[in-house]
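To start, the structure under review is shown below, and the notes come after it.
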Amino acid sequence: MNAVRRRSELLAAEARYRRVIPAGEYWIEVIKDGEVLRIVDVEGNQSADTLFFNAADPAERYSAVDTIREQRNVYLGVGSKLLSTDCKVMAEIVADTVGRHDTLGGACAAESNTVRYALEKRTMHSCRDSYLLAVAEQGRFGLGKRDLTHNINFFMNVPVTPAGGLDFADGLSGPGQYVEMRAAMDIVVLISNCPQLNNPCNAYNPTPLEVLIWIADVR
Amino acid sequence: MIYETLIEGGKHWSLTVHAGMRLRLVDRGGGANVGMLFYNPQNTLERYNAPDTLKCQHTFKLTRGHCLYSDMGRIFCSIVADSVGWHDTVCGNTNRAQIIARWGAKNYQTYRNDWTQNGHDAFLVEGGKYGLGRRDLAANVNWFSKVTAAEDGSMQFDPGNSRADASVELRFEMDTLILMHTCPHPMNPAAEYPRCPVLVQVDKTEAAGRDDFCRNARPENGRGFANTEFYRACGCSTEQA
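In order, the protein sequences belong to chains A and Z.
To get the working numbering, take the position in the first sequence, counting from 1, and add 14.
To get the working numbering, take the position in the second sequence, counting from 1, and add 1040.
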């Protein structure tokens, strides 16, 4: 499944929903079973830190470990079935112009930034702060800190070495690259557009993402 | 030695340890797997975070020198000794359906203590004792188990990773609630449900000095220790009396 690139046939003009997510902000929406979500890396090398929840039972959520173990591959790409904590398919990646996405690195947080970069970075903005604001503001979803589990980093390239190392390499993504997934159940999608200013992966320059949604194909 | 107990294969247990204690696991017969999760007993919303642990130390495996981080930038424990060399933290657990598919349905009614418990249910049971549930489970450690990733990302389980009497030793840097099970690793291809007993030893130990191996293994760990020592200095985690 790796390094496979597949373009989408869906037309932006036919999307039912289209929105730009500025860096440092969150986005949360319900995607219905069969609908297609596209995330666009508008200017390139941005990270879309993404979580999925079963809309009918949010205690069932995306599970990075179940997803990679069941597909027997640590990277996500076309054909990857995004599994829940109950090992049910929540969505499947159906188009991808990048070829590889990370789900090992998790989201940045103020606290992990102190460890990774410097203790004095503790007040800088992070994905976890955006997630926490999202679950606090959007109480209708019934989510809280305990629901902020291990996410997908769309457009991030985190190669694992056979010897057991973990690198943070320059992204394979670029301006206008995108990834698309079709929901296999009604899901709540929570995205933090990563505000990280300390990681060379985005050239210290966080940029906008765009999301588009198409209704289920009824043909 | 404060305490020592043998956990048979396919079982689960939980315990709370203070900062300044050590936990040693011994694979008695080889081929063991110990699933483990960690929480702050004073605030269980603070919990083991495998992605932070891996990215802070630029590693995919766990071995001596590595620290196990919470989502709050603190260190639950440091791996101070390890005769194995590779422990997994990205493969999660078996669940009931997988156990049945691989090793058949062996329910309690018929098989009593030889039923085939799964790691997911084991964590739900142990976590429930502390008010934790489905929303609180996270990527766990699988002690003694090795899964490598090839260049193309494909994953391979190593059935010969841990031999009889292999051991790993954890030094706790803050008070920690530990959930554990001895159910098989979810990628273990063994023909029969593996039942591998694990010896658990709990004792006091010395606090990490300035020249400590784990503290100095990476600059990130020095900052992780600083965060944890500040937390302890504030009285939020206490040395064992």
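C-beta: ideal position from N, C-alpha, C; glycine also.
Here the structure is a predicted model, which means the values were calculated and not measured.
Asked                                                                                                                                                              : Found
Applying a beta-carbon distance threshold of less than 8 Å, which residues of chain Z neighbour A:Glu134?                                                          : Chain Z residues near A:Glu134: none, gap ~10 Å exceeds 8 Å.
Just to confirm before moving on: does the CB-CB distance between A:Gly185 and A:Asn59 stay below 7 Å?                                                             : yes
In angstroms with no decimal places, state the Cα-to-Cα distance between A:His115 and A:Val108.                                                                    : 13 Å
Do you know how far the Cα of A:Thr111 is from the Cα of Z:Asn1080?                                                                                                : 42 Å
Below 8 Å on the Cβ atoms is my guess for A:Leu133 versus Z:Ala1266; work out the distance and round it to an integer in Å.                                        : 6 Å
Do the region 48–57 of chain A and the region 150–160 of chain A make contact, defined as three or more Cβ pairs closer than 8 Å?                                  : no
Do we get a CB-CB distance below 7 Å when we pair A:Asp143 with the residues of chain Z?                                                                           : no
Which residues does DSSP list as the beta-bridge partners of A:His164?                                                                                             : BP columns for A:His164 are empty, so no partner.
Taking 8 Å as the limit between beta carbons, can you name the residues of its chain near Z:Pro1199, skipping five residues before and five after?                 : Gly1071, Asn1228, Pro1229, Ala1230
Please state if the CB of A:Asp63 and the CB of A:Cys235 are separated by a distance shorter than 7 Å.                                                             : Nothing about residue 235 of chain A can be reported from this structure: the residues present for chain A run from 15 to 233 only.
Taking CB distances under 7 Å as the criterion, tell me whether Z:Asp1092 reaches chain A.                                                                         : yes
Quick check for students: name the residue ranges of the beta strand (DSSP E) that lie wholly in the region 1174–1243 of chain Z, counting only runs of 3 or more. : 1181–1183, 1187–1189, 1195–1197, 1206–1212, 1216–1221
Starting from Z:Lys1095, trace the alpha helix (DSSP H) in both directions and tell me its first and last residue.                                                 : 1090–1096
Look at A:Gly178 and Z:Phe1100 and say whether their C-beta atoms are less than 7 Å apart.                                                                         : yes
Thinking just about the alpha-carbon of each residue, which of A:Leu223, A:Met104, A:Ser140, A:Val18 is nearest to the one in A:Trp41?                             : A:Leu223
Strictly below 7 Å CB to CB, what residues from chain Z border A:Asn87?                                                                                            : Gly1193, Ser1194, Met1195
Go through its chain and collect everything with a Cβ distance to A:Val44's Cβ below 6 Å, but skip five positions before and after it.                             : Ala69, Val202
Alpha carbon to alpha carbon, how far is A:Ala230 from A:Asp47? Give it in angstroms, no decimals.                                                                 : 7 Å
Based on the DSSP output, what are the partners of Z:Trp1126 in its beta bridges?                                                                                  : DSSP, once it has assigned bridges, lists no residue as partnering Z:Trp1126.
A:Ser119 CB to nearest chain Z CB: under 7 Å?                                                                                                                      : The sequence as given places Gly at residue 119 of chain A; Ser does not occur at that position. Yes, A:Gly119 counts as interfacial toward chain Z.
What are the boundary residues of the beta strand (DSSP E) that includes Z:His1052?                                                                                : 1052–1057
Can you tell me the Cα-Cα spacing of Z:Leu1065 and Z:Val1124, whole angstroms?                                                                                     : 11 Å
Going by DSSP, which residues form a beta bridge with A:Tyr192?                                                                                                    : A:Val54
Quick one: is A:Ala29 near chain Z, going by C-beta distance under 7 Å?                                                                                            : no
On the criterion of 16 or more Cβ atoms from any shown chain inside 10 Å, does Z:Leu1046 qualify as buried, or is it exposed?                                      : exposed
Name the residues in the region 202–229 of chain A whose C-beta lies less than 9 Å from a C-beta of chain Z; which are they?                                       : none
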